[in-house]
Amino acid sequence: MQSNISKFTLRIDSELLKKFRYVAEYNARSANRELEILMKKQVADYENKHGKIQFE
Numbered sequence: 090m091q092s093n094i095s096k097f098t099l100r101i102d103s104e105l106l107k108k109f110r111y112v113a114e115y116n117a118r119s120a121n122r123e124l125e126i127l128m129k130k131q132v133a134d135y136e137n138k139h140g141k142i143q144f145e
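Take 90 as the starting number for the sequence shown in my numbering and just add one per residue.
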């Protein structure tokens with residue numbers, strides 16, 4: 090496993106999580122992978138609108 094992988098705990102309504110897992114399965118992904126893809130899209134959209142996010 091890569092050393093730059095972080096763990097993140099998410100509190101979410103159980104029905105929403107079931108639906109999210111259904112969508113992830115439809116897309117042939119794990120719920121984790123589906124969430125990662127959605128997060129990457131969100132960050133890319135933000136950066137396209139506001140510029141690249143940079144950390145010091």
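For glycine and all other residues, C-beta sits at the position ideal for the given N, C-alpha and C.
(message) If you measure between the beta carbons of A133 and E123, is that distance less than 7 Å?
(response) Translated into the one-based positions of the sequence shown, residue 133 becomes position 44. Translated into the one-based positions of the sequence shown, residue 123 becomes position 34. Their beta carbons are not under 7 Å apart, which means A133 does not touch E123 by this criterion.
(request) Return the first residue and the last residue of the alpha helix (DSSP H) that A117 is part of. (result) One-based indexing of the sequence shown puts residue 117 at position 28. Where A117 is concerned, there is no enclosing alpha helix (DSSP H), given that its DSSP letter is neither H nor E.
(request) Assuming F109 contacts A120 (C-beta within less than 8 Å), just tell me the rounded distance between them. (result) Numbered from 1 along the sequence shown, position 20 holds the residue referred to as residue 109. Numbered from 1 along the sequence shown, position 31 holds the residue referred to as residue 120. By a beta-carbon distance limit of 8 Å, F109 contacts A120. Their separation comes to about 6 Å.
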